[in-house]
Every structure is written in structure tokens, then in C-alpha cells.
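The structure under discussion appears below in the form of C-alpha cells.
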Amino acid sequence: MRTFLAALAALGLATLPAVSATLDERLAPCRACHGEKGQSDNPLVPSLGAQPKDFLLVQLYIFRENMRKVELMNEMTKGLTDDELRAMSESLAKLPAPMPVPEAIDPARMERAKTLVAQNHCNFCHAPTFAGQDQIPRLAAQREDYLLKSLREYKSGARPGYEPAMASVVQPMKDEDFVELAYYLARVK
Amino acid sequence: MTLQFVSGRSLLLAGTLAALMACPAAAQQPPAPGAAPLPPGSPLIGRPSTEGAMKLAPVPPPPIPTSADKLPVTKLKLPPGFKLELYAAGVDNARTLRQGDKGTIFVSSRLKDKIHAIVEKDGKREVKVLVSGLYRPNGIVMHNGTLYIAELSQVSKIDKVEDKLDGSAKPTVIYSDLPKDEAHGWKFLTVGPDNKLYFQVGAPCNICMPSDAHAQIRRINLDGSGAEVVARGIRQIVGMDWHPVSKQLYFTENSRDWLSEDVPNDKLNRLANPGKDNFGFPYCHQGNLTDQEFGWGRSCDEFTKPIALMGPHSAVLGMRFYTGSAFPAKYRNAIFIARHGSWNRSQKIGGDVVVVYLNPDGTFKSMEPFLTGFIENNNYVGRPADVLFTKDGAMLVSDDFNGAVYRVTYDRTRTASH
């Protein structure tokens, strides 16, 4: 965590005098935290690779409007125009998809999660491959800690979402279900 | 995250702002999603592949309103003699429509934090932000110069609202004894002939056993006192209006998802016995179908029946009785209902405004389409959310997908050319 913050701070200072920064330069801090190649190595920071551009646009928008409150992201998007948000989301969506967790996989846990997926129709909105679609995010190979945090926040109301659909989906689910789903989705191929 | 770090980022963003704005590629709109349409007459039309059927998902509107030149105005169809034009673009997530005594149009929002006011001055129409910082402020209603606002978990008011269109409007909370659930937490608000505010508390789920505080219609006095439950067993309502003759409350109700492509239907209900009627959720859907989980041991005959079935998953929302005289006489006392359109169904239905004609006793007589064309190749080009009849004899229709309001007028001389 400390390393990437330091790297970012250095990057920010180094770029300050430049007046004519390109979109690519603007996206540098995004990629620094979220992963140069679409895969985040930072705890609780989501991978953005191959996320649907419409989903990224919605998130950037609700960060800018303070409708989703994450102080750093609210600050990063402050004052950006609609077109700037569009350009950023289109560019970030082109990052390669993250790789699933490579470590030994517990088949029993994967099977339990598949049952939860079927019961809760996760693979309908998020697509059978969990690649997401339109404004619905890719879940395949997302960071396990971030998936778990998001599910818990939807349940507690800490993360209302742009469209309240997820609040309804997680309403009947238990915390142990979230643990299994996050395990599965981080490893699904 | 350190504060120093945050301010460093802001400076960087500020420094690169000008550069990005100068980039022409950045200004392009993303292309509309969706595969190439099938040739006309193809047997595959309306028969999605398994994977296609697996793609059912709520359809959230784009976060940024559609620009005026990209709105589907020319795609929308009406009966002969009626005409549709753009009334206002750039009205973020436009939902409930209301009109003030001085003519101001108020537009609520479900996903955004704002209520807009549309004013006409010296022949120029202007969209203003009336108030922002609200939370899912879907329900609004005008009464004696006051705008009442129902957010997710509170009801507030702005007195003399039409004198406060300059940004000085501040809502005063009058009622907040409400659950805070996100699911079906947004509300529809209306004022009854008894001068009380009526709104629903939806079920906090797709299907579940609701608490005593959920799945009901409540009414409160205009000062927020005297709350009482007038109906139970409702899942979610996003449209209500009062019959011009009987003064009974009619309301649209959205039924559960994931039971089947074709059932249950959404409903049009009538509250004939305030305080007594139970509309069946979660035991009975569409008046004749017991729930596969909660319905065992129950019968639909225990509950108040809908007066009309409005299509499976069609998402019936805003509705108003027509009491004016600018439209043909057959529409008098009929109900215009915006069907937002389905998501929990492979072949989309709804995405239109329909007219429901009633018998003199207030029961259902017939239904016909009125405004159509919001679905193109099984994709939405817009989604109607509410209708409003204005003092000048027109009908406004809100489109929360595009963040726009359309205006429909009737001129019988236009029918000559058809």
C-alpha cells in the first residue's frame, strides 16, 4: 500500500508542471492504483481490466457527483466533464482482463458457490462468464477481498449502488454466502 | 489515504483538464449497444438463444442525459391527430411530473439527487435545479402551492415553491418514521381528496415475507402527523391517482421477478376499502397465482383482486386519469399509464403509454396502446416513467432513460392528413 501511494505521489509531482497532459497521462494514476495491466495488486482496490465501459462510466459519474462516497475517488473525479469521464471509461475498459487466482482450488467450495450463483441468478445480469455487460460489472477474477467488501456493503447499505438492484439481490443472503461467492469469482475461469 | 496525496492528485487533474478537453476523440459518444438486427421475417426474431435469455438484467439508464439531437422523438408513435415533440432535454433521470399553479413543471428523479423545475419565461424554456442533495427523491406532489417530496426514508415539503425557483428552496422534513431499505425504497406520492398525503412503503426484496412496516400504502396529514396504513400486501407501487368521479385510489403495482417469463402480470389495483384491502403480496400474484414458496396453504380468494392485468414484468409506473377536454371525448376519465418496460423477460414488453378505459362502476373495460416505439430490436431507445396533463391541454411524458420530457398535443385537423 505504502509503495504505490509513494509512487503515485512522485508521479503526481513529476507531472505537475506539464500543461499539455494527454489522456494517457491522466490515466496514469488510475492505472498505478488499479493495475497497469488491468489487474490490481493492492488490497481492496478493484481490478479494472475488461470492465464494461458503461459500468466504468457510471462509477466515475457517481464518484464525481459524490453519490458513491470514496474520498479518494471523489477527489480524483472532481470537476471532470462528462466527455472526460467518457474518454477515461472507454480507455480503461480496454485494459486486459485480470487473471484468476492461480493457487490450489478447493472444488467443494467452488461447487457450493455455483449453487449460490444459480439460486441468486448472478450469472444472468453479470453474464454466464461473469464478464459483465453494459452497466453491470465484470466479476470474473476480481480481487477476492474487494468482492467480499462490495457484497457486504450492498447488504449493510454502505454502498447503495447507482441502481438499487444489488440491494434487493443480497437481501436474503448470509455473510457466509458472500465469503463463498468471493472465493469462487476470484478463481472462476 | 493521506490528505497530502489527495491534494496532489487534484492538482494533477487540474493541470491536465485543458489538454483533455482539446482531444476530439474524447468527445465522441459511445456507439449504441446491441447486435445487428435480424432480417425482417426471420424466425429467430423473438426467439433468443439460451445465452441471450441468460442476459436478463435490470436496465439502468445511462448516467448522463442524452443530448437533444439524439433523443428518439421521431421514433415514437401516436394515434392520428396526436403529435409528440421534445419538451425538455437534460432533465437527469426524469421521473414523476407535477405542475404548479403558476405553470412550473416539477420533475423528480429516482437515481439522482435532484428535483428539476422547468419554467417558461418570455417564450424561452429553462430547466433549473430546484433542490439537490436528496436521496432517491422519486415522489413529488403539488398541493396548495406547496411541493411535497418523498425520498427513500423521509417526506419533506417546500412551501410557496414557485416563489423559490432561484435556488433558495429548502425542504423541511415532516415525516421520517420509515424503513431505510434500498430495495423498493423509492416512493410515489399523491394527495387524496381527504387532503392527506398517500405513499407506499414497498417490499424490501423481490420476494420475501415483509415486516409490518413494509408492503403497504400509508397516509399522513399534511404536517406529517396521523400516520396510518390504508392498504397492505403490495410489493411496489410507482403510480397512483384518484378516480375523478368515485374518488377512489387507483394504483399500478409491479409484481415479482424470476417466476416465469410470462407470469405474474403487473397489476392495476383499486383501493375500495381503505384500511381493509390486502392485495396479496407475498402470497398471491396477479389475483390468481399463489406464490411457489409463500403461497402454500393460502388462496388468492383471501385477497383483493386487481382490476386489470398489465403484462408480465411490464413495469407499470406513472398513471393519471384524463379529465380535460383537449383530447377526443373517448379519453375522458380513462387512465393513461406509463409502462416502463420489462427487464426480467427475454422479449421486452411495455416501453409505452397505454390507455385503460373503465366501466361506469370503475371496473376494467378495455386497454389499448397510446404512445409506442420505445423498444427497437428488443432494446430500449427510451423508457416512459410518468405522464402529466398540463393546464394548456397537453400531456407530458417523462423518460428517465434519456433524462428528457416529451409533450403530446392533439389537433383534430391533423387527422385529415392521415
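Residue numbers (the numbering used here), protein chains in the order written: chain A, 1 to 189; chain B, 1001 to 1418.
All C-beta atoms, glycine included, are put in the ideal place defined by N, C-alpha and C.
Item, Value
"For the segment 43 to 67 of chain A, enumerate the residues whose C-beta is nearer than 8 Å to any C-beta of chain B, in chain order.", "K53, D54, L57, V58, Y61, I62, E65, M67"
"With DSSP run on the structure shown, which of helix, strand or coil describes B:K1075?", "helix"
"If the cut is a Cβ gap below 7 Å, which residues of chain B does A:C122 touch?", "Ordered by position in chain B, no residue passes the 7 Å Cβ test against A:C122, which lies about 11 Å from the chain."
"Quick one: what does DSSP say B:I1307 is sitting in, helix, strand or coil?", "coil"
"By DSSP, does A:E71 sit in helix, in strand, or in coil?", "helix"
"Just how far apart, CA to CA, sit B:P1312 and B:H1214?", "23 Å"
"Show which residues of chain A have a CB atom less than 7 Å away from the CB atom of B:I1064.", "Y61, D82"
"Taking DSSP as the reference, what is the three-state secondary structure of B:K1276?", "coil"
"Return the CA-CA distance between B:V1408 and B:F1082, expressed in angstroms with no decimal places.", "7 Å"
"Please compile the residues from chain B whose C-beta is within a distance smaller than 7 Å of the C-beta of A:E195.", "No information on residue 195 of chain A is available, as it lies outside the stretch 1 to 189 that chain A covers here."
"What in chain B is Cβ-close to A:S168, meaning under 7 Å?", "A1183, C1205, N1206"
"For a cutoff of 7 Å on Cβ pairs, would you count A:C33 as touching chain B?", "no"
"What residue range is occupied by the uninterrupted beta strand (DSSP E) comprising A:V179?", "Note, A:V179: premise wrong, no beta strand (DSSP E); alpha helix (DSSP H) at 175 to 187."
"Give the residues of chain B in contact with A:P172, contact being defined as C-beta atoms less than 8 Å apart.", "C1205, C1208"
"With a threshold of 7 Å between beta-carbons, can A:C30 be considered close to chain B, or not?", "no"
"Quick one: what's got a C-beta closer than 6 Å to A:L148's C-beta in the same chain, skipping five residues either side?", "F178, A182"
"Shorter than 7 Å from the beta carbon of A:Q135 to some beta carbon of chain B?", "yes"
"Roughly how many whole angstroms lie between the Cα atoms of B:R1412 and B:V1405?", "23 Å"
"Around the Cβ of B:R1136, are there at least 16 other Cβ atoms within 10 angstroms (buried) or fewer (exposed)?", "buried"
"Please tell me whether B:Q1236 and B:G1185 are closer than 7 Å, where the distance is taken between their beta carbons.", "no"
"Using a cut-off of 8 Å between C-beta atoms, extract the partners of B:K1180 located in chain A.", "G157"
"Indicate whether the contact test is met: 3 or more Cβ pairs, each with one atom in the segment 47 to 58 of chain A and one in the segment 119 to 136 of chain A, closer than 8 Å.", "yes"
"Which value, in whole angstroms, describes the spacing of the CA atoms of A:N120 and B:W1258?", "10 Å"
"Is the segment 1140 to 1155 of chain B in contact with the segment 1172 to 1192 of chain B, if contact means three or more CB pairs nearer than 8 Å?", "yes"
"Quick one: give me the first and last residue of the alpha helix (DSSP H) that A:V169 is part of.", "165 to 170"
"If the cut is a Cβ gap below 8 Å, which residues of chain A does B:W1296 touch?", "Within chain A, no residue comes near B:W1296; the closest Cβ sits about 18 Å away, beyond 8 Å."
"In angstroms with no decimal places, state the Cα-to-Cα distance between B:K1423 and B:E1302.", "Residue 1423 of chain B lies beyond the range of chain B shown here (1001 to 1418); nothing can be said about it."
"Identify the continuous alpha helix (DSSP H) that holds A:P119 and give its terminal residues.", "It is Gln, not Pro, that sits at residue 119 of chain A in the sequence shown. From DSSP, the alpha helix (DSSP H) with A:Q119 extends over 107 to 120."
"By the 10 Å Cβ neighbour count, where 16 or more other Cβ atoms means buried, how is A:L185 classified, buried or exposed?", "buried"
"According to DSSP, which residues form a beta bridge with B:C1284?", "B:T1290"
"Take the Cβ of A:V169 as the centre, count every other Cβ of all protein chains shown within 10 Å, and call the residue buried at 16 or more, exposed below.", "buried"
"Taking the alpha-carbon positions, what's the A:S89 to A:P96 distance?", "14 Å"
"Please list the partners that A:P160 has in chain B, where partner means a Cβ-to-Cβ separation under 8 Å.", "E1182"
"If we ignore side chains and look at the alpha-carbon of each, how far apart do B:P1062 and A:P102 end up?", "36 Å"
"Between the segment 1244 to 1274 of chain B and chain A, which residues of the former have a C-beta closer than 8 Å to a C-beta of the latter?", "W1258"
"Tell me the start and end of each unbroken alpha helix (DSSP H) in the segment 45 to 103 of chain A that is at least 4 residues and wholly inside, in chain order.", "53 to 64, 71 to 77, 82 to 92"
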